[in-house]
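Peer 1:
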Amino acid sequence: NAGVTQTPKFQVLKTGQSMTLQCAQDMNHEYMSWYRQDPGMGLRLIHYSVGAGITDQGEVPNGYNVSRSTTEDFPLRLLSAAPSQTSVYFCATNPRGKNSPLHFGNGTRLTVT
Amino acid sequence: EDQVTQSPEALRLQEGESSSLNCSYTVSGLRGLFWYRQDPGKGPEFLFTLYSAGEEKEKERLKATLTKKESFLHITAPKPEDSATYLCAVQARDSGYALNFGKGTSLLVTP
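Protein chains in written order, with the working numbering: chain Z, 1 to 113; chain F, 114 to 224.
(1) From the DSSP output, in three-state form, read off Glu114/F for me.
(2) By DSSP, does Ser84/Z sit in helix, in strand, or in coil?
(3) Distance cutoff 8 angstroms, beta carbons only. Does Pro191/F sit that close to anything in chain Z?
(4) Buried or exposed, going by whether 16 or more other CB atoms sit within 10 Å of the CB of Ile54/Z?
(5) Rounded to the nearest angstrom, what separates Gly40/Z and Glu122/F at their Cα positions?
(6) Flag this pair as yes or no: are the beta carbons of Gly51/Z and Glu72/Z separated by less than 8 angstroms?
(7) Return the residues of the stretch 36-48 of chain Z that lie within a Cβ-Cβ distance of less than 7 angstroms from chain F, sorted by chain order.
(8) What would DSSP say about Asp195/F, mapped onto helix, strand or coil?
(9) In whole angstroms, give me the CA-to-CA distance for Ser137/F and Gly156/F.
(10) Count the other CB atoms within 10 Å of the CB of Ala2/Z; is the residue buried (16 or more) or exposed (fewer)?
(11) Which residue wins for smallest C-alpha separation from Ser100/Z, given the options Leu13/Z, Pro75/Z, Met32/Z, Phe10/Z?
(12) Can you grab the Cα-Cα spacing for the pair Asp56/Z / Gln119/F, in whole Å?
(13) Given a threshold of 16 other Cβ atoms within 10 Å of its Cβ, counted over all protein chains shown, does Leu134/F qualify as buried or as exposed?
(14) May I have the straight-line CA-CA distance separating Ala205/F from Gly145/F, to the nearest angstrom?
(15) I'd like to know whether the C-beta of Thr178/F is nearer than 8 angstroms to at least one C-beta of chain Z.
(16) For Ser67/Z, which beta-bridge partners are listed by DSSP?
(17) Glu53/Z CB to nearest chain F CB: under 8 angstroms?
(18) Does Gly51/Z come out as helix, strand or coil in the three-state DSSP assignment?
(19) Name the residue from Pro193/F, Gly209/F, Ala177/F, Ala190/F whose alpha carbon lies nearest to the alpha carbon of Leu200/F.
(20) Determine, for Arg174/F, whether the minimum Cβ-Cβ distance to residues of chain Z falls below 8 angstroms.
(21) So which residues on chain Z does Phe147/F lean against when the C-beta distance must stay under 9 angstroms?
(22) Can you find the residues in the same chain that come closer than 6 angstroms, C-beta to C-beta, to Phe147/F, ignoring five residues on each side of it along the sequence?
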């Protein structure tokens with residue numbers, strides 16, 4: 001049982017490049033989400049999904065795209081990377097319902113030059 | 114607008130020196146308040162959920178309390194391994210699954 005697995009752990013991109021951050025979970029959690037963490041700011045919600053085929057925007061969705069074709073995977077796509085997207089990205093899942101705590105992966109540190 | 118403010122931003126304690134971290138919040142109907150611990154290079158790790166004013170939860174040297182406006186994380190006789198960033202988050206009744214996080218308190222416990 002690996003929990004929430006994020007890949008890669010580190011990535012450097014040039015402005016304008018695209019990439020996909022991967023998030024996989026083996027806990028059969030319905031809810032999955034992406035947060036970004038920046039120095040001096042709290043974790044901010046980018047996108048989330050309440051189940052396969054269902055996604056919605058969070059607080060800071062611009063520049064990011066998501067899809068949820070399976071329960072296990074929730075990739076985050078950067079279509080054209082910008083320096084403002086330099087951040088640490090966390091995937092988080094929720095096991096049972098709205099009152100349950102989020103389970104976080106260990107993050108992907110992204111630098112856009 | 115929901116807001117979460119944590120204080121202090123950073124705290125340095127000697128081993129065994131008890132203290133408290135504060136999380137002040139404004140939310141339009143609280144569903145739950147969450148405390149997480151985050152170690153460098155890792156994702157946040159869940160500690161506690163509090164749902165209503167007056168509620169308290171304990172785990173080893175940590176005790177979390179909740180009022181209508183704030184929550185405290187009390188650390189009793191801390192050890193160096195308690196060094197981490199502690200995050201507070203609130204969930205509003207009308208926010209779905211989303212959590213609104215504070216900026217965190219960075220705690221350093223020295224031997």
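Backbone N, C-alpha and C fix where the C-beta goes; we use that ideal spot for every residue, glycine too.
Peer 2: Based on what the coordinates show:
(1) For the purposes of this step, residue 114/F is identified with residue 1 of the second sequence, where counting begins at 1. Coil at Glu114/F, not helix or strand.
(2) The residue you call residue 84/Z lines up with position 84 of the first sequence. Helix, per DSSP.
(3) Counting from 1 along the second sequence, the entry for residue 191/F is found at position 78. Pro191/F does not count as touching chain Z.
(4) Translated into positions along the first sequence, residue 54/Z becomes position 54. Residue burial is scored here from C-beta neighbours: Ile54/Z has fewer than 16 other C-beta atoms within 10 angstroms and is therefore classed as exposed.
(5) One-based indexing of the first sequence puts residue 40/Z at position 40. One-based indexing of the second sequence puts residue 122/F at position 9. Cα-Cα distance, rounded: 9 angstroms.
(6) Along the first sequence, read from residue 1 onward, the residue named residue 51/Z stands at position 51. Along the first sequence, read from residue 1 onward, the residue named residue 72/Z stands at position 72. No, these two residues do not count as a Cβ contact at 8 angstroms.
(7) Flagged, chain order: Gly40, Met41, Gly42, Leu43, Leu45, Tyr48.
(8) Along the second sequence, one-based indexing puts residue 195/F at 82. Helix at Asp195/F.
(9) Residue 137/F sits at position 24 when you count from the first residue of the second sequence. Residue 156/F sits at position 43 when you count from the first residue of the second sequence. About 23 angstroms.
(10) Here residue 2/Z is taken as the residue at index 2 of the first sequence, counted from 1. Under this definition Ala2/Z is an exposed residue.
(11) As a working mapping, residue 100/Z is identified with position 100 in the first sequence. Its Cα nearest to that of Ser100/Z, the residue Met32/Z stands out among Leu13/Z, Pro75/Z, Met32/Z, Phe10/Z.
(12) On the first sequence, residue 56/Z is found 56 positions in, with the first residue counted as 1. On the second sequence, residue 119/F is found 6 positions in, with the first residue counted as 1. About 28 angstroms.
(13) Here residue 134/F is taken as the residue at index 21 of the second sequence, counted from 1. Using a 10 angstroms sphere on the CB of Leu134/F, the tally of other CB atoms reaches 16 or more, which defines it as buried.
(14) In the second sequence, the residue the question calls residue 205/F occupies position 92. In the second sequence, the residue the question calls residue 145/F occupies position 32. Taking the straight line joining both Cα atoms gives about 7 angstroms.
(15) If you number the second sequence from 1, residue 178/F lands on position 65. No, because no Cβ of chain Z sits closer than 8 angstroms to the Cβ of Thr178/F.
(16) The residue labelled residue 67/Z in the question sits at position 67 within the first sequence. For Ser67/Z, which the question treats as bridged, DSSP gives no partner whatsoever.
(17) Taking the first sequence and counting its residues from 1, one reaches residue 53/Z at position 53. The displayed chain sequence assigns Gly, not Glu, to residue 53/Z. Not an interface residue.
(18) The sequence position of residue 51/Z within the first sequence is 51, counting from 1. Looking at Gly51/Z - three-state DSSP - the assignment turns out to be strand.
(19) Along the second sequence, read from residue 1 onward, the residue named residue 200/F stands at position 87. Checking every option, the nearest Cα to that of Leu200/F belongs to Ala177/F.
(20) As a working note, residue 174/F is residue 61 in the second sequence. So no, Arg174/F is outside the interface.
(21) Residue mapping note: residue 147/F aligns to position 34 of the second sequence, counting from 1. The answer, in chain order, is Pro101, Leu102.
(22) Within the second sequence, residue 147/F is the residue found at index 34, counting from 1. For Phe147/F, where only same-chain residues beyond five positions count, the Cβ hits under 6 angstroms are Thr162, Ala202.
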